[in-house]
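Following: one structure in C-alpha cells, then a few remarks.
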Amino acid sequence: MLVLFALPVFANHEENGINIPSLALDLVLIGGIAVMYFGSVFAGELKAAFNYIFIGLAVFAVNHLIETIMIALGAGLDASEIIHRVIHLAGFAFIFYGFYRVRKVCASLKSKGKI
C-alpha cells in the first residue's frame, strides 16, 4: 500500500511528457472521492458538514492531477511543488472546517439528548 502512495512521487520526475502511472493513480483518486461522495449515507445538517470534508478531499485528488499535468507541460519541479502545497492548504482548510461543523452538529444533538 505504501508503494502505491509513493509511486506518483517517483513517476512525476520524468522529462518525457505525462507519466501514465501517475495519471492513472490521479484518476483513481478522483474516482474514489466520487464514490465516497455519492455513496454517502449522511442526511440533513451532518451531510452539509461532511460536504466540506468531501470538497477538501476532492481538492486533494484534483491537486495531484494538476501537478502531473504541470510537470508534463514543463512548469518545473520547484514551481509545481509550491503550487501543489498552496492548493493542499486550501484542501486542508475545507477539511478542518468540515470537521468543525461535524463537531457542532454532534454537540447540538448531544445537548438535545438525541445521542
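Note that the numbering used here gives residue 29 to position 11 of the sequence shown, counting from 1, and the numbers run on in steps of one. In this text, a Cβ means the ideal position worked out from N, Cα and C, and glycines have one as well.
Per-residue DSSP class, three states only, for residue i
i             : result
lysine 128    : helix
glycine 62    : helix
isoleucine 36 : coil
Chain-order list of residues whose beta-carbon lies under 6 Å from that of residue i (same chain, five-residue window excluded)
i             : result
methionine 88 : Ser98
Cα-Cα separation, residue i to residue j
i          : j             : result
valine 80  : isoleucine 48 : 6 Å
glycine 62 : valine 46     : 29 Å
Residues of its chain near residue i, where Cβ-Cβ distance is below 8 Å and the 5 sequence neighbours each way are ignored
i             : result
valine 77     : Ile105, His106, Ala108, Gly109, Phe112
methionine 54 : Phe72, Leu75
alanine 66    : Arg119
isoleucine 84 : Ile101, His102, Ile105
Legend entry - Segments of 3+ residues assigned as beta strand (DSSP E) that fall wholly inside the region 68-126: none
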